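Asker: Which chain is which? The protein sequence lines are A and R, in order. Here the first sequence stands for residues 8 to 330, numbered as in this note's numbering. Here the second sequence stands for residues 98 to 820, numbered as in this note's numbering. Using N, Cα and C, we set each Cβ at its ideal position, and we do this for glycine too. Note that this is a predicted model, so its numbers are computed, not measured.
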Amino acid sequence: MLLNHSQRGWALASLAIFLTSLVLYVLYAWSDPRGGSAIGLLFGVMGFGFMIFAAALGARKRVPTWRIGRAKSWMRGHLWLGLLALPLILFHGGFHFGGTLTQILMWLLIVTVASGVYGALLQNSIPKKMTADIPLETIYDEISHVRGLLREEADRAIESLCGNLGTVKDSAEEVQRAGGFTALRPIAASAVPLRTSAAVSAGASAAVAPAPEILLLGETESAPLRRFYLEEMRPFLEQPKSRGRRLADEARATSVFAGLRTLLPAAVHNTLGDLEEICDEARQLLRQERLHRWLHGWLLLHIPLSLALILLGAVHAVMALRY
Amino acid sequence: MSVTTTPTGSVEITIDGQALRVPAGTTVFDAARMQGISIPTLCHLQNETPVGVCRLCVVDTGARVLAASCVRPVEPGLKVVTNSEKVVATRKTLLELMMSDHPSPCARQRNSGDCELETLAAAAGVREPRYARRSVSRGHDDSSLSIAVDHDSCILCDRCIRGCDEVRNNFVLGRMGKGYAADIAFDLNSPMGDSTCISCGECMVSCPTGALTNKSVAGTAIAIGPGAEGFEAEDLLTIPVFHGVSGTFLELNRGAIVKRRFHKGELICKEGDFGSTAFFILEGKARVSISSPIAHVKTQGGAQGFFKRLTSTLAPRESDKREEEARDRTIPIDASVDLSYENPVAELGTGDLFGEMTCMTFYPRSATVRAESEVVAYEMLRNVLDIMLKNKTFRAQVDQNYRKRALENHLRGVPMFADLSTDFIEHLKESVELVRFAPGQVIARQGDAADSFYLVRIGFVKISENYPGGELVLAYLSRGDYFGEIGLLGGGARTATCTALDHVEVVRVSGEDFRQMVERFPNVRRGLEAVAEERRSANALRMQMVHSVPIDQFLSQGLMEAQSLLVLDLQNCTRCDACVNACADAHDGITRLVRDGLRFDHYLVATSCRQCRDPLCMVGCPVGSIRRRNSLEVIIEDWCIGCGLCARNCPYGNINLHPFEVMSDDPEHAGRQKATIKQKATSCDLCTHLKEPSCVYACPHDAAHRVDPRKFFAEILAQGALK
Numbered sequence: 008m009l010l011n012h013s014q015r016g017w018a019l020a021s022l023a024i025f026l027t028s029l030v031l032y033v034l035y036a037w038s039d040p041r042g043g044s045a046i047g048l049l050f051g052v053m054g055f056g057f058m059i060f061a062a063a064l065g066a067r068k069r070v071p072t073w074r075i076g077r078a079k080s081w082m083r084g085h086l087w088l089g090l091l092a093l094p095l096i097l098f099h100g101g102f103h104f105g106g107t108l109t110q111i112l113m114w115l116l117i118v119t120v121a122s123g124v125y126g127a128l129l130q131n132s133i134p135k136k137m138t139a140d141i142p143l144e145t146i147y148d149e150i151s152h153v154r155g156l157l158r159e160e161a162d163r164a165i166e167s168l169c170g171n172l173g174t175v176k177d178s179a180e181e182v183q184r185a186g187g188f189t190a191l192r193p194i195a196a197s198a199v200p201l202r203t204s205a206a207v208s209a210g211a212s213a214a215v216a217p218a219p220e221i222l223l224l225g226e227t228e229s230a231p232l233r234r235f236y237l238e239e240m241r242p243f244l245e246q247p248k249s250r251g252r253r254l255a256d257e258a259r260a261t262s263v264f265a266g267l268r269t270l271l272p273a274a275v276h277n278t279l280g281d282l283e284e285i286c287d288e289a290r291q292l293l294r295q296e297r298l299h300r301w302l303h304g305w306l307l308l309h310i311p312l313s314l315a316l317i318l319l320g321a322v323h324a325v326m327a328l329r330y
Numbered sequence: 098m099s100v101t102t103t104p105t106g107s108v109e110i111t112i113d114g115q116a117l118r119v120p121a122g123t124t125v126f127d128a129a130r131m132q133g134i135s136i137p138t139l140c141h142l143q144n145e146t147p148v149g150v151c152r153l154c155v156v157d158t159g160a161r162v163l164a165a166s167c168v169r170p171v172e173p174g175l176k177v178v179t180n181s182e183k184v185v186a187t188r189k190t191l192l193e194l195m196m197s198d199h200p201s202p203c204a205r206q207r208n209s210g211d212c213e214l215e216t217l218a219a220a221a222g223v224r225e226p227r228y229a230r231r232s233v234s235r236g237h238d239d240s241s242l243s244i245a246v247d248h249d250s251c252i253l254c255d256r257c258i259r260g261c262d263e264v265r266n267n268f269v270l271g272r273m274g275k276g277y278a279a280d281i282a283f284d285l286n287s288p289m290g291d292s293t294c295i296s297c298g299e300c301m302v303s304c305p306t307g308a309l310t311n312k313s314v315a316g317t318a319i320a321i322g323p324g325a326e327g328f329e330a331e332d333l334l335t336i337p338v339f340h341g342v343s344g345t346f347l348e349l350n351r352g353a354i355v356k357r358r359f360h361k362g363e364l365i366c367k368e369g370d371f372g373s374t375a376f377f378i379l380e381g382k383a384r385v386s387i388s389s390p391i392a393h394v395k396t397q398g399g400a401q402g403f404f405k406r407l408t409s410t411l412a413p414r415e416s417d418k419r420e421e422e423a424r425d426r427t428i429p430i431d432a433s434v435d436l437s438y439e440n441p442v443a444e445l446g447t448g449d450l451f452g453e454m455t456c457m458t459f460y461p462r463s464a465t466v467r468a469e470s471e472v473v474a475y476e477m478l479r480n481v482l483d484i485m486l487k488n489k490t491f492r493a494q495v496d497q498n499y500r501k502r503a504l505e506n507h508l509r510g511v512p513m514f515a516d517l518s519t520d521f522i523e524h525l526k527e528s529v530e531l532v533r534f535a536p537g538q539v540i541a542r543q544g545d546a547a548d549s550f551y552l553v554r555i556g557f558v559k560i561s562e563n564y565p566g567g568e569l570v571l572a573y574l575s576r577g578d579y580f581g582e583i584g585l586l587g588g589g590a591r592t593a594t595c596t597a598l599d600h601v602e603v604v605r606v607s608g609e610d611f612r613q614m615v616e617r618f619p620n621v622r623r624g625l626e627a628v629a630e631e632r633r634s635a636n637a638l639r640m641q642m643v644h645s646v647p648i649d650q651f652l653s654q655g656l657m658e659a660q661s662l663l664v665l666d667l668q669n670c671t672r673c674d675a676c677v678n679a680c681a682d683a684h685d686g687i688t689r690l691v692r693d694g695l696r697f698d699h700y701l702v703a704t705s706c707r708q709c710r711d712p713l714c715m716v717g718c719p720v721g722s723i724r725r726r727n728s729l730e731v732i733i734e735d736w737c738i739g740c741g742l743c744a745r746n747c748p749y750g751n752i753n754l755h756p757f758e759v760m761s762d763d764p765e766h767a768g769r770q771k772a773t774i775k776q777k778a779t780s781c782d783l784c785t786h787l788k789e790p791s792c793v794y795a796c797p798h799d800a801a802h803r804v805d806p807r808k809f810f811a812e813i814l815a816q817g818a819l820k
């Protein structure tokens with residue numbers, strides 16, 4: 008969620024709560040601040056309450072259609088109240104970390120809040136970066152499928168120049184690369200002629216790339232291209248994450264294709280352009296995967312810690328109040 | 098050599114040094130053949146009159162110039178040399194010239210490797226002709242279902258023309274143009290599919306190159322299982338509708354027709370299944386019905402309570418009348434009968450043809466057909482159906498059947514024709530014309546004088562209007578729909594262009610009959626005027642929307658015509674898919690939203706129905722259950738059979754199939770029912786039963802918004818935010 012003017016209400020309310028608590032704490036700190044005192048307990052209850060509310064966001068997401076407040080309001084509450092929980096708990100303990108359990112709880116809280124802040128910052132920056140850097144972004148779960156389609160399209164382009172590669176094709180011939188349009192289904196045989204209608208909307212036309220023109224090169228003439236494809240490009244499309252791939256780097260890939268253009272006749276330069284675009288899309292998908300992991304990876308730390316915090320916080324509350 | 102004419106009229110000649118005696122009038126070509134000497138030729142066939150146009154059979158007769166042996170009659174004492182250096186060189190030059198005007202390999206060479214020209218050229222050692230190739234293509238004609246015409250491969254030998262005229266006496270083929278622009282032509286240069294050609298195939302079997310080739314239809318043979326008999330070409334020729342068709346052509350189509358026997362209760366075809374065959378009932382009765390529930394998908398709940406679960410149920414029109422729902426009382430299907438909305442069951446009998454649309458255009462089956470008694474039927478692929486429909490007697494029989502049994506229902510299926518008197522219907526039955534149109538053919542052009550009213554019998558008709566910069570598709574009309582009334586009632590010109598999208602058959606009511614009808618039946622006039630006015634206003638609204646669109650790019654994507662779009666701000670969106678999950682949760686686990694689609698700057702227009710300018714989803718619906726409201730939104734009528742064609746056709750993946758468990762008769766156990774899964778097509782309903790769409794409500798990052806595109810993009814453009 009963007010930290011922008013839309014957060015003003017929550018930010019001001021949180022600031023007000025913080026300042027009030029701070030004033031209260033400053034007044035109370037002159038005496039011996041303890042978690043078990045009335046004010047200490049008040050801070051503790053408020054802090055733990057905010058933590059529980061923040062943790063409830065996960066549960067809220069599981070029932071998206073329940074009309075119990077917009078998810079974005081819950082998210083704002085999660086961000087600001089979760090953040091407020093840290094000073095309130097510090098006030099609760101009088102900035103003392105106490106015994107083993109409370110020490111663990113304090114460190115859990117600090118790491119959880121810190122990871123949350125870190126996550127919020129990532130969620131503010133990475134979507135912008137992803138939007139700017141990856142125009143051909145697709146649905147994360149579809150990436151491997153799109154890669155397969157790219158590979159098949161590249162196979163077809165190469166076969167139109169070099170003849171049969173003897174590769175196995177996984178999907179229907181009709182499926183063409185479609186930029187970000189990965190949700191498109193294979194085109195039904197009956198639908199194909201309709202798509203040639205002049206009135207077809209441009210989106211649909213763009214989504215159905217034309218089949219490559221057949222222009223077979225001689226064996227000697229096509230040898231550099233065939234070798235490049237089989238030894239370099241196809242392995243890159245199959246396993247783009249492997250280290251040392253020249254095509255994984257935009258600048259090096261550009262120079263590789265420039266070199267190929269000098270070796271091959273002008274008639275095939277358009278196809279080379281297509282192959283270069285395919286590599287570019289594969290690189291974008293690789294970058295998307297990387298950014299996606301950054302965007303959501305922190306949750307692997309934040310969520311378990313939050314759950315542990317709530318659980319141990321409840322244990323601490325019960326133990327403190329009972330004993 | 099001395100030569101004498103014998104009393105029997107034979108002459109003695111010498112060919113390549115061999116003396117022989119042949120009847121007077123024999124051509125040198127035939128004489129050589131009788132002697133076992135082969136002379137190459139392209140334009141000559143034994144069963145056709147020789148014309149000597151290819152000149153490839155030239156021989157040296159000792160005259161000043163070489164003579165074409167196929168037209169050169171023998172003369173007493175004639176000395177012929179068929180393979181001198183001069184002759185061979187001349188033939189080679191001729192082959193080179195022909196090859197320079199012939200794509201290599203042509204379709205025939207590619208398919209069967211027996212293009213006569215290319216075979217001769219290869220034998221003569223002609224590889225790459227020295228002469229420049231034709232720079233402009235002479236074109237292809239793909240309009241016939243059974244024969245492909247490639248004018249580029251044609252060498253103008255005229256064998257096809259002689260086959261059509263002399264052998265079959267059909268007189269369809271001829272020559273058009275002169276010199277370099279000469280071509281073969283059907284009738285007065287009509288596309289082959291629109292001409293009077295009866296698809297006998299003689300031209301194709303006569304053609305020496307790939308200019309006329311048999312079209313291979315997907316799956317050219319029907320599987321012969323129990324209860325089915327195949328036909329050999331000779332057997333087919335005994336069936337009256339195939340009289341006059343070339344045996345070779347039928348041989349090529351062997352297996353494309355079978356005779357099937359169905360026992361009482363046996364399934365002939367099932368609704369929603371994809372197929373490629375049509376059936377013609379020879380004997381017996383069959384029951385045609387729709388087994389899918391006649392209801393639409395309705396999502397309810399949620400709005401009443403915090404925790405109430407949303408459920409999607411099937412609701413018929415009696416319990417949930419929707420805005421602008423069809424007033425139709427009949428459901429159009431791919432047979433000579435329509436089904437009623439209340440009880441979608443009808444009977445087919447001897448002489449009925451069904452499955453024509455499935456066969457011609459591979460649309461899914463529109464209904465389930467089961468044998469009501471012992472049924473004998475021909476099942477055929479479209480190349481055979483095309484041949485049969487070209488047979489005038491068969492065609493007349495099918496048309497007569499339609500006029501007798503279905504035309505009345507069809508006419509009465511139009512709500513405002515329900516009040517027509519029986520005598521007028523009888524008059525119309527006799528006077529209307531049944532007209533066929535090939536794919537792409539214009540039925541009526543915007544601006545032309547209105548002279549007829551049309552009722553769609555088979556296929557899809559595209560109704561479009563031109564506007565500066567493009568064409569706006571106003572509607573796709575299918576069986577049971579009608580058009581042409583606006584022009585006739587207005588007494589003037591056509592207001593839109595109507596084009597056949599596939600193989601279309603229409604019932605054409607002449608302007609005179611139409612005028613009589615509206616004069617005699619004021620209710621019909623009022624009804625038609627109301628519909629015409631409704632259509633005019635809707636069209637005007639659409640055109641107004643198109644004209645008011647500020648950006649071409651959005652227009653081309655169909656976005657500006659949308660009433661409401663789901664827009665994701667990609668700078669806010671963390672790709673958590675909460676919107677997709679919420680949509681699935683709101684619709685029984687079936688999401689109607691895919692977080693993918695068109696991008697404009699940092700906005701993603703997520704995949705949900707965007708009411709396209711050209712709604713491809715509507716094309717091909719076998720029961721015509723998907724159409725547009727006046728607001729351009731898609732409405733799926735109750736009789737959707739869940740075949741999924743609309744979902745496949747939608748370029749944006751915006752239509753989904755929602756499965757429901759329903760109880761239906763168990764065909765294996767009479768009187769018992771069993772649970773079956775039936776599907777219904779659905780598209781985004783904007784969660785109209787809720788105050789806010791679930792996807793927007795569930796987005797935790799304030800990234801998802803439902804917007805009015807014109808307002809939204811106009812504001813962004815005004816701010817200069819959209820690059």
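Do you know offhand how far H798/R's Cα is from W81/A's?
Answerer: 10 Å
Asker: Taking a cut of 8 Å between CB atoms, which residues from the stretch 47-78 of chain A lie near chain R?
Answerer: Flagged, chain order: L64, K68, V70, P71, T72, W73, R74, I75, R77, A78.
Asker: Skipping 5 residues on each side, what residues in its chain have a beta carbon closer than 8 Å to that of V263/A?
Answerer: F235, E239, R253, L254
Asker: To which residues does DSSP link M82/A through a beta bridge?
Answerer: According to DSSP, which records beta bridges pairwise, M82/A is partnered with nothing at all.
Asker: I want to see whether chain R comes within less than 7 Å of I146/A, judged by CB atoms only; does it?
Answerer: Chain R, which has a Cβ nearer than 7 Å to the Cβ of I146/A, makes this yes.
Asker: State the start and end residues of the unbroken alpha helix (DSSP H) segment that holds N746/R.
Answerer: 742-746
Asker: In chain order, what are the residue ranges of uninterrupted alpha helix (DSSP H) at least 4 long that sit wholly in the stretch 44-130 of chain A?
Answerer: 45-69, 78-100
Asker: Would the stretch 277-285 of chain R and the stretch 336-350 of chain R be scored as touching if the rule is three or more Cβ pairs under 8 Å?
Answerer: no
Asker: Can the beta-carbon of S549/R be found closer than 7 Å to that of R605/R?
Answerer: yes
Asker: Output, in chain order, the set of chain R residues within a Cβ distance shorter than 7 Å of W81/A.
Answerer: P797
Asker: Measuring alpha carbon to alpha carbon, tell me which residue in L787/R, K275/R, G739/R, E469/R is nearest A392/R.
Answerer: Ranking L787/R, K275/R, G739/R, E469/R by Cα distance to A392/R puts G739/R first.
Asker: Report the three-state DSSP secondary structure of S761/R (helix, strand or coil).
Answerer: strand
Asker: For the stretch 666-685 of chain R, which residues have a CB atom closer than 7 Å to at least one CB atom of chain A, in sequence order?
Answerer: L667, Q668, N669, C670, T671, R672, A675, N678, A679, D682, A683
Asker: Listing by chain order, which chain R residues have their CB less than 8 Å from the CB of H299/A?
Answerer: R672
Asker: Just curious, the beta strand (DSSP E) that E444/R is in, first and last residue?
Answerer: 442-445
Asker: Are there 16 or more other CB atoms within 10 angstroms of the CB of S209/R, so buried, or fewer, so exposed?
Answerer: exposed
Asker: Would you call the stretch 530-542 of chain R in contact with the stretch 598-614 of chain R, where contact means no fewer than 3 C-beta pairs closer than 8 Å?
Answerer: They touch, by the three-pair rule.
Asker: Skipping 5 residues on each side, what residues in its chain have a beta carbon closer than 7 Å to that of K183/R?
Answerer: Same-chain partners within the cutoff: D157.
Asker: Please list the residues of the stretch 689-703 of chain R that have a C-beta atom closer than 9 Å to any C-beta atom in chain A, keeping them in chain order.
Answerer: V691, R692, D693, G694, L695, R696, D698, H699, L701
Asker: Which one of T396/R, L695/R, S303/R has the shortest CA to CA distance from C784/R?
Answerer: T396/R
Asker: Under 7 Å, do A161/A and L267/A count as touching if we go by C-beta distance?
Answerer: no
Asker: What is the residue span of the beta strand (DSSP E) that L663/R lies within?
Answerer: In the DSSP assignment, L663/R falls within the unbroken beta strand (DSSP E) covering 662-666.
Asker: Can you tell me whether H199/R is buried or exposed? The criterion is at least 16 other CB atoms within 10 Å of its CB, across all chains shown.
Answerer: buried
Asker: Hey, is Y794/R's beta-carbon within less than 7 Å of any beta-carbon in chain A?
Answerer: yes
Asker: Tell me where the alpha helix (DSSP H) around R533/R begins and ends.
Answerer: No alpha helix (DSSP H) holds R533/R; the beta strand (DSSP E) holding it covers 530-534.
Asker: Output the distance between the C-alpha atoms of E444/R and K382/R, rounded to the nearest integer angstrom.
Answerer: 7 Å
Asker: Kindly list, in the order they appear in chain R, the residues whose Cβ is closer than 7 Å to that of P134/A.
Answerer: L667, Q668, N669, C670, T671
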